[in-house]
Amino acid sequence: GENVEQHPSTLSVQEGDSAVIKCTYSDSASNYFPWYKQELGKRPQLIIDIRSNVGEKKDQRIAVTLNKTAKHFSLHITETQPEDSAVYFCAASYNNDMRFGAGTRLTVKP
Amino acid sequence: GAVVSQHPSWVICKSGTSVKIECRSLDFQATTMFWYRQFPKQSLMLMATSNEGSKATYEQGVEKDKFLINHASLTLSTLTVTSAHPEDSSFYICSARTNRAGGSLLEQYFGPGTRLTVT
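Taken in sequence, the protein lines are chains W and E.
Following this note's numbering, the numbering of the first sequence begins with 27 at its first residue and continues without gaps.
Following this note's numbering, the numbering of the second sequence begins with 157 at its first residue and continues without gaps.
This is how it looks when you write it as structure tokens:
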């Protein structure tokens with residue numbers, strides 16, 4: 027089955043700086059890669075996703091890149107703000123099988 | 157659109173009792189729903205995939221007789237934790253796929269979660 031690894035587990039940045047979170051996956055059949063943001067005690071919220079036929083996608087301050095050959099994908103947050111502080115999960119999916127990374131706790135210091 | 161609700165949001169029960177958690181898709185039909193368990197400061201672990209009108213598919217290591225899943229309609233799936241024990245205390249989250257216009261069958265939207273505490 028799919029195995030997703032996520033790094034780093036914790037990330038602390040200064041407000042305004044960029045944050046990058048990286049994930050690797052094992053199953054080359056995976057074709058959908060969402061990123062979720064989860065605040066304490068709340069549900070994961072989909073913030074951006076990318077499909078295997080696309081190499082990069084951007085939505086305002088958030089961007090995701092995908093390297094299918096290397097089987098890794100990354101989340102980039104620019105101009106970070108304190109409200110970006112949360113746990114971020116990457117996931118890789120094929121049909122009904124979605125596997126999550128271990129999560130990255132991002133702290134943005136004002 | 158793509159709203160998923162869960163009930164209850166939190167529950168405390170005594171060891172040995174059973175607890176039912178409901179997951180509803182409010183504005184779309186969900187042929188497939190997923191149940192996850194999340195322990196403090198850990199990731200979401202898939203427990204089972206629930207398909208409307210058929211038996212759920214359980215992940216390895218998840219006891220199907222302990223975690224009963226029913227997906228009786230296109231908008232409702234239930235998870236019953238039977239004979240609950242303190243180690244079952246966790247955050248249980250469901251998710252559902254939507255085939256909303258312009259969306260994708262791949263997207264999953266999560267319910268708000270149910271915090272179960274077994275004493």
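The C-beta atom is built at its ideal place from N, Cα and C for all residues, glycine as well.
Proximal residues of chain W, C-beta to C-beta of residue i below 8 Å
i, result
"residue 200/E", "70, 115 and 126"
"residue 249/E", "69 and 70"
Interface residues of chain E facing residue i [CB-CB closer than 7 Å]
i, result
"residue 122/W", "188 and 205"
"residue 129/W", "199"
Among the options, nearest to residue i - alpha-carbon criterion
i, options, result
"residue 184/E", "274/E, 271/E, 264/E and 272/E", "264/E"
"residue 238/E", "163/E, 171/E and 166/E", "171/E"
"residue 114/W", "124/W, 78/W and 49/W", "49/W"
"residue 62/W", "53/W, 128/W and 56/W", "128/W"
"residue 181/E", "273/E, 248/E, 197/E and 232/E", "232/E"
"residue 76/W", "60/W, 104/W and 88/W", "60/W"
"residue 105/W", "33/W, 98/W, 41/W and 30/W", "41/W"
"residue 253/E", "191/E, 221/E, 211/E and 242/E", "191/E"
"residue 112/W", "47/W, 29/W, 28/W and 84/W", "47/W"
"residue 45/W", "57/W, 83/W, 28/W and 100/W", "100/W"
"residue 54/W", "84/W, 97/W, 43/W and 36/W", "97/W"
Residues that residue i bridges to, as DSSP identifies them
i, result
"residue 75/W", "60/W"
"residue 121/W", "None; residue 121/W has no bridge partner."
"residue 87/W", "Bridge partners of residue 87/W: none, in fact."
Chain-ordered neighbours of residue i on chain W, where CB pairs are closer than 7 Å
i, result
"residue 266/E", "69 and 70"
"residue 269/E", "69"
Chain W contact residues for residue i, given Cβ-Cβ distances below 9 Å
i, result
"residue 209/E", "Near residue 209/E there are no residues of chain W at all, since even the closest Cβ is about 15 Å away, more than 9 Å."
Chain B contact for residue i (CB, 9 Å cutoff)
i, result
"residue 34/W", "The question asks about chain B, but that chain is absent: this structure's protein chains are W and E."
Practice task
Return the residues of the segment 212-242 of chain E that lie within a Cβ-Cβ distance of less than 7 Å from chain W, sorted by chain order.
Solution key: none
Practice task
Pick out the complete beta strand (DSSP E) segments inside the segment 174-258 of chain E, 3 residues or longer, and give them in chain order.
Solution key: 175-181, 188-194, 201-207, 223-229, 232-237 and 246-253
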